[in-house]
Amino acid sequence: MVGNFKQKVVFIGKGGVGKSTILSLMQGKEISERRDPTIGVAIEQVKLNNSEKITIWDMGGQERFQFMWEDFVKGAGLTVLITDSTEENINFTKGFYERFSRFKGSKVIAIANKQDLPGAINIQNVANRLGVKTYGMCAIDPAKRKEVQAILRQEISEI
Ligand SMILES: Nc1nc2c(ncn2[C@@H]2O[C@H](COP(=O)(O)OP(=O)(O)OP(=O)(O)O)[C@@H](O)[C@H]2O)c(=O)[nH]1
Ligand SMILES: [Mg+2]
């Protein structure tokens, strides 16, 4: 990534897995425990450091918005599949990833969020199942802000 080119990054995943919370974490906003589903899509600029800015397309994950996902990943440099770390959601994410082969044109990584919850499936296990590079996350922990920024910075630099 060069200069101030604003790389498009898309967050995709089922409703409630924590996409918008990860976005808030990256922006240094206060993390609310309140459930506030994204309607359609939220498009936000995020600073990764002093010179790098990216545009995150944070998709609504509820079933009624899922038809939009395929179109919105067009032109994305990086698609981030976000799942919580439950069996049900990992299976959903895997099914979705397999259906949309066009993703393979852009880079795809996964984040297994809610690693703090009891019974969270470990990251290596999630990675094996999804077949994409997977990072663990706990988006409600403000101490994770630098970590998630570093992940995106690194992944974008390798596009
Ligand atoms: N325990 C725990 N809760 C989390 C974590 N990340 C997010 N949450 C909570 O999960 C709920 C849903 O988070 P959102 O970020 O709104 O989920 P979303 O994926 O944006 O949902 P949609 O916009 O409907 O697609 C909120 O109540 C968050 O506080 C986490 O890592 N651990
Ligand atoms: Mg949301």
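In my numbering, the protein residues as written are 230 to 388. Heads up, the beta-carbon is just placed ideally off N, CA and C, and yes, glycines get one too.
- prompt: What residue range is occupied by the uninterrupted alpha helix (DSSP H) comprising LEU359?
  reply: 352-359
message: Please report the straight-line C-alpha distance between ILE385 and THR315, rounded to a whole angstrom.
response: THR315 has its alpha-carbon roughly 27 angstroms from the corresponding atom of ILE385.
field: GLU327 - DSSP class collapsed to helix/strand/coil
entry: Helix at GLU327.
Alpha-carbon spacing of GLY306 relative to ARG263, whole angstroms: 30 angstroms
message: Assuming THR250 is part of the alpha helix (DSSP H), what are its boundary residues?
response: 248-256
- request: Using alpha carbons as the reference points, say which of ARG328, LYS323, LYS258 and VAL238 lies closest to ALA341.
  value: LYS323
Cα-Cα separation, GLN236 to THR284: 6 angstroms
Sub-9 angstroms separation of ILE338 and LYS248 beta-carbons: no
Alpha carbon of GLY269 to alpha carbon of ASN351, nearest angstrom: 30 angstroms
message: Please classify ASN278 as buried or exposed, where buried requires at least 16 other C-beta atoms within 10 Å of its C-beta.
response: exposed
task: Under 8 angstroms by Cβ, that's how I've got MET288 and THR308 pegged, so tell me the actual separation to the nearest angstrom.
output: At roughly 10 angstroms, the Cβ-Cβ gap does not stay under 8 angstroms, so MET288 and THR308 are not in contact.
task: Please classify PHE240: is it buried, with 16 or more other beta-carbons within 10 angstroms of its beta-carbon, or exposed?
output: buried
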